[in-house]
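K.L.:
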Amino acid sequence: MRVKAKFIIILVCFLYPISLFSQENDPFKIQRQNLKEQYPYPELSQEQMYQDFDTFVEIMVNCNPQYFVRKQVTQFDMLAELQKYRFAIDKCNNTLDFISLLKKTINLTLDEHCFIGDNVYMYRSMYYEDVVKQLHISDKDFGYNLQYIDSVFYKNEPQISLIYLDGHYLLKNETVFYYFSDSLLLPAGTELYSFNHLDIQDYQNTIKKRGSRWDFQKNHYYNDVIEIEQKDNEVEILLDNTKHKIVFSHVVEKKREEFVNQFNIKPQILYFSSDSLLYIRLHFMILSPNIYAELKSYKNTPIKSILIDIRGNPGGNDQTWLSLLSLISSNNIKYPFCLLSNNTSMMNSYLKSNHLLYKNSDKNFIEVGGFTSVYRIIEQETSIIKSSKKNIGYSGNIYILVDENIYSSAQSLASLSSKVELIKTIGMPTGKIGGQGIDAAAFILPNSRLIFTLDIALDGSQVKTFEDFYHDSITFPLIPSIEYYQYWYSPSRSEQVTEIELYTKDQLFQKAIEIIKIDNH
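Numbering that gives the first Met the number 0 numbers the first residue of the sequence shown as 0 and each following residue consecutively.
If you want it as structure tokens, here you go:
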């Protein structure tokens, strides 16, 4: 959740929060179960299905600023693809068939903030209640959506987890492939060449889904999973230097043990005297008092470099890294900030009603790549991260260790490397549209009452081409080996790292140290 600005789109949207509750310790679990039982979802007529579908498309046309960027950069025309799904409504026999169709349309946005989920689980929380009241979202609406989540959106569908490495697709986890009574165990790192008689990249090109990534070097989309949708499947792999074709019906992956509540993973601060390096590991962008208290102990420590490790960080709140940087740096950090939205009547009406129109009328719109007035400026300023009076007295470069799995406010931090000279990123790009922004907004469809979230703003700072909207450039790009991924995704690896482990086993950390030493000389 990003918090540069917060606002509500009247009638159709509300703020998207990140749930702070695990499923096992959720105080609203009983309430939600009662809602599901009390309000069976409605059976929609085809006319109502068409109305909901067309409303969804209208929202995408008017409120999705990422569509035009992707069309210009990758030639993916989301709206054209959406219209193909409209013809499938005639084949929907009931409401859940239609909700399954809407799930596919939501995936076509490729926006990871566009989904149904946590906003529904925040039912009756103190944070959420005022917004719900203002937008007239009823208990019945929540009951419907809780059933949609369980029946369609978060069913455990079989899949094969992948690592995309410089154009190659490798098994992320040790995986058992089953076909009737036969089974075959394949180790993590096994390369896949084809799936269901299609070259693996050709197959990936046919799949456009929420979270798909764009490889700027090879000019194609890629995904980190293969979803298994049919009974019999065929995959071609390399085993013992020979290509083999495996027919299978289902798979079982040996994954890393998941934490019950990832929000409880504490940030780490380590000092490595051999390199005079302060290492800060942030698993999640959420305020943690202990990390700021612990920083005080390093105020008089000889620090040549600071490395903030946000690999795998799924986001949270911008205030986390803003506060962290203010405590680290002895200087104020200035950077340009420009927030854009679609220049459409729906968005402009909202901006006007919420007093968010940019005051300088001469610079109300932005022109990119020869297209005039595609986007409206919501906010434009020079932002300043003021150095805290309690800062640790550091004035050198700040290095950010990143990978392809950072997201949301973690990407906001990484994007500073192109705006602030002393901040440098090391690692891998995400292949997704990043940059700074605001909380995702949510929308509700008129008949199914399906609630979904959507990014409605783009980071327009320092944008000269449509590619710049991705804010995905890395100061020091790295391509690790498969051994790195085997270490990083090892079931036995702990989230709390040690100095020995980082220096001897973590390939990306080792390369980061080499770069920092060269850069500092």
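We put the beta carbon where it would ideally sit given N, CA and C, even for glycine.
So the candidates are I105, K510, F75 and T94; which of them puts its Cα closest to the Cα of Y84?
P.N.:
Along the sequence shown, one-based indexing puts residue 84 at 85. Comparing Cα-Cα distances from Y84 to each of I105, K510, F75 and T94, the minimum goes to I105.
K.L.:
Between A413, T464, R448 and S296, which lies nearest to K389 when the distance is taken from Cα to Cα?
P.N.:
For the purposes of this step, residue 389 is taken as the residue at position 390 of the sequence shown. Among A413, T464, R448 and S296, the Cα nearest to that of K389 is on S296.
K.L.:
Within the same chain, show all residues whose beta-carbon is closer than 6 Å to that of D239, passing over the 5 residues directly before and after it, in chain order.
P.N.:
Your numbering for residue 239 matches position 240 in the sequence shown. Closer than 6 Å at the Cβ level, and outside the excluded window around D239, lies no residue.
K.L.:
Any idea which residues DSSP pairs D198 with across the strands?
P.N.:
Here residue 198 corresponds to residue number 199 of the sequence shown, with the count starting at 1. BP columns for D198 point to S193.
K.L.:
Would you mind stating whether Y291 and L326 have Cβ atoms separated by less than 8 Å?
P.N.:
Here residue 291 refers to the residue found at position 292 of the sequence shown. Here residue 326 refers to the residue found at position 327 of the sequence shown. Cβ atoms of Y291 and L326: closer than 8 Å.
K.L.:
Can you tell me whether V259 is buried or exposed? The criterion is at least 16 other CB atoms within 10 Å of its CB, across all chains shown.
P.N.:
For the purposes of this step, residue 259 is taken as the residue at position 260 of the sequence shown. Confidence at V259 is low in this model, with a pLDDT of 38, below 50, so the placement of that residue should be treated as unreliable; the coordinate-derived value is given next. Answer is exposed; the Cβ neighbour count stays below 16.
K.L.:
Closest to E233 by CA distance: which of D198, K207 and N222 is it?
P.N.:
For the purposes of this step, residue 233 is taken as the residue at position 234 of the sequence shown. Checked all of D198, K207 and N222; the closest Cα to E233 is D198.
K.L.:
Here's the rule: buried if 16 or more other CB atoms are within 10 angstroms of the residue's CB, otherwise exposed. What is Q22?
P.N.:
Position 23 of the sequence shown, counting from 1, holds the residue named residue 22. In this predicted model, Q22 has a pLDDT of only 48, less than 50, meaning its place in the structure is not dependable enough to derive any value.
K.L.:
Of the residues I450, S491 and K510, which one's Cα is nearest the Cα of I425?
P.N.:
For the purposes of this step, residue 425 is identified with residue 426 of the sequence shown, where counting begins at 1. Comparing Cα positions, the closest option is K510.
K.L.:
So, using beta-carbon positions, are V373 and N342 closer together than 8 Å?
P.N.:
The sequence position of residue 373 within the sequence shown is 374, counting from 1. The sequence position of residue 342 within the sequence shown is 343, counting from 1. Yes, the pair counts as a contact, with Cβ atoms nearer than the cut-off.
K.L.:
Nearest by alpha-carbon distance to A456: which of K254, E378 and T464 is it?
P.N.:
To locate residue 456, count along the sequence shown from 1; it is residue 457. That would be E378, whose Cα lies nearest to the Cα of A456.
K.L.:
Quick check on DSSP: helix, strand or coil for F13?
P.N.:
Translated into positions along the sequence shown, residue 13 becomes position 14. With a pLDDT of only 28 at F13, under the threshold of 50, the placement of this residue in the model should not be trusted; the figure read from the coordinates follows. In the structure shown, F13 sits in coil (DSSP, three-state: anything other than H, G, I, E or B).
K.L.:
So, A187 versus N172, is the Cβ gap smaller than 8 Å?
P.N.:
On the sequence shown, position 188 is the one that residue 187 refers to. On the sequence shown, position 173 is the one that residue 172 refers to. Yes, they are a contact pair.
K.L.:
Give me the DSSP bridge partner(s) of V234.
P.N.:
Along the sequence shown, one-based indexing puts residue 234 at 235. DSSP output for V234 lists F194 and I245 as bridge partner(s).
K.L.:
If we count the other Cβ atoms within 10 Å of its Cβ and call it buried at 16 or more, is H282 buried or exposed?
P.N.:
Residue 282 sits at position 283 when you count from the first residue of the sequence shown. Counting Cβ neighbours within 10 Å, H282 comes out buried, since at least 16 surround it.
K.L.:
Just to confirm my understanding: we take Q47, look at its own chain, exclude 5 residues before and 5 after, and list those with CB closer than 6 Å. What are they?
P.N.:
Counted from its first residue, the sequence shown places residue 47 at position 48. For Q47, where only same-chain residues beyond five positions count, the Cβ hits under 6 Å are N446.
K.L.:
Using beta-carbon positions only, say whether D458 and G434 come within less than 8 Å of one another.
P.N.:
As a working mapping, residue 458 is identified with position 459 in the sequence shown. As a working mapping, residue 434 is identified with position 435 in the sequence shown. In contact: D458 and G434 (Cβ atoms closer than 8 Å).
K.L.:
Considering only residues of the same chain and omitting the five flanking positions on each side of K139, which have a CB-CB separation below 7 Å?
P.N.:
Counting from 1 along the sequence shown, the entry for residue 139 is found at position 140. Closer than 7 Å at the Cβ level, and outside the excluded window around K139, lie Y38.
K.L.:
According to DSSP, which residues form a beta bridge with D308?
P.N.:
For the purposes of this step, residue 308 is taken as residue 309 along the sequence shown, with counting starting at 1. According to DSSP, which records beta bridges pairwise, D308 is partnered with R280 and L400.
K.L.:
Pick from K516, Q495, E513 and I512: whose alpha carbon is nearest that of K265?
P.N.:
Here residue 265 refers to the residue found at position 266 when the sequence shown is read from its first residue. Comparing Cα-Cα distances from K265 to each of K516, Q495, E513 and I512, the minimum goes to Q495.
K.L.:
Which value, in whole angstroms, describes the spacing of the CA atoms of A439 and I206?
P.N.:
Within the sequence shown, numbered from 1, the residue matching residue 439 stands at position 440. Within the sequence shown, numbered from 1, the residue matching residue 206 stands at position 207. Using only the alpha carbons, I get a separation of about 24 Å.
K.L.:
Determine the contact status of L477 and L507, defining contact as a CB-CB distance below 8 Å.
P.N.:
Taking the sequence shown and counting its residues from 1, one reaches residue 477 at position 478. Taking the sequence shown and counting its residues from 1, one reaches residue 507 at position 508. Against a cut-off of 8 Å, the Cβ pair of L507 and L477 comes out as a contact.
K.L.:
Using only CA atoms, which one of P479, I115, I443 and E235 lies nearest to F152?
P.N.:
The residue labelled residue 152 in the question sits at position 153 within the sequence shown. It is I115.
K.L.:
Which word fits A441, buried or exposed, when buried means at least 16 other C-beta atoms lie within 10 angstroms of its C-beta?
P.N.:
On the sequence shown, position 442 is the one that residue 441 refers to. Counting Cβ neighbours within 10 Å, A441 comes out buried, since at least 16 surround it.
K.L.:
My output table needs one value for Y38: the three-state DSSP class, helix, strand or coil.
P.N.:
Locating residue 38 in the sequence shown gives position 39, counting from the first residue. Here Y38 sits in coil by DSSP.
K.L.:
By the 10 Å Cβ neighbour count, where 16 or more other Cβ atoms means buried, how is L10 classified, buried or exposed?
P.N.:
Here residue 10 corresponds to residue number 11 of the sequence shown, with the count starting at 1. Any answer about L10 is weak, because its pLDDT of 31 lies below 50 and its placement is not dependable; what the coordinates show is given next. Exposed.
K.L.:
Residues in the same chain with beta-carbon distance under 7 Å from L412, minus the five sequence neighbours each way, listed in chain order, please.
P.N.:
Stepping through the sequence shown from its first residue, residue 412 is reached at position 413. Result list for L412: I309, W320 and I399, in chain order.
K.L.:
Does the Cβ of D231 have 16 or more other Cβ atoms within 10 Å, making it buried, or fewer, making it exposed?
P.N.:
As a working mapping, residue 231 is identified with position 232 in the sequence shown. Flag for D231 reads exposed.
K.L.:
Count the other CB atoms, across all protein chains shown, that sit within 10 Å of the CB of E42; report buried if there are 16 or more and exposed otherwise.
P.N.:
Looking up residue 42 in the sequence shown gives position 43. Exposed.
K.L.:
Quickly, what does DSSP pair W487 with across the bridge? List them, please.
P.N.:
As a position in the sequence shown, residue 487 is number 488, starting the count at 1. DSSP output for W487 lists no bridge partner at all.
K.L.:
Using only the alpha-carbon positions, how far apart do Y469 and Q82 sit?
P.N.:
Mapped onto the sequence shown, residue 469 falls at position 470. Mapped onto the sequence shown, residue 82 falls at position 83. C-alpha separation (whole angstroms): 26 Å.
K.L.:
Count Cβ pairs between the segment 84–103 and the segment 60–74 that sit closer than 8 Å; are there 3 or more?
P.N.:
Verdict: no, contact absent.
K.L.:
Out of L237, I236, S248 and S493, which one is the CA nearest neighbour of E228?
P.N.:
To locate residue 228, count along the sequence shown from 1; it is residue 229. Of the candidates L237, I236, S248 and S493, the one whose C-alpha sits nearest the C-alpha of E228 is S248.
K.L.:
Measure the alpha-carbon distance for M284 versus Y221 and round it to whole angstroms.
P.N.:
Working through the sequence shown from its first residue, we reach residue 284 at position 285. Working through the sequence shown from its first residue, we reach residue 221 at position 222. Distance between the alpha carbons of M284 and Y221 is about 26 Å.
K.L.:
Starting from Q379, follow its DSSP beta bridges and name the residues at the other end.
P.N.:
Taking the first residue of the sequence shown as 1, we reach residue 379 at position 380. C337, per the DSSP bridge assignment.
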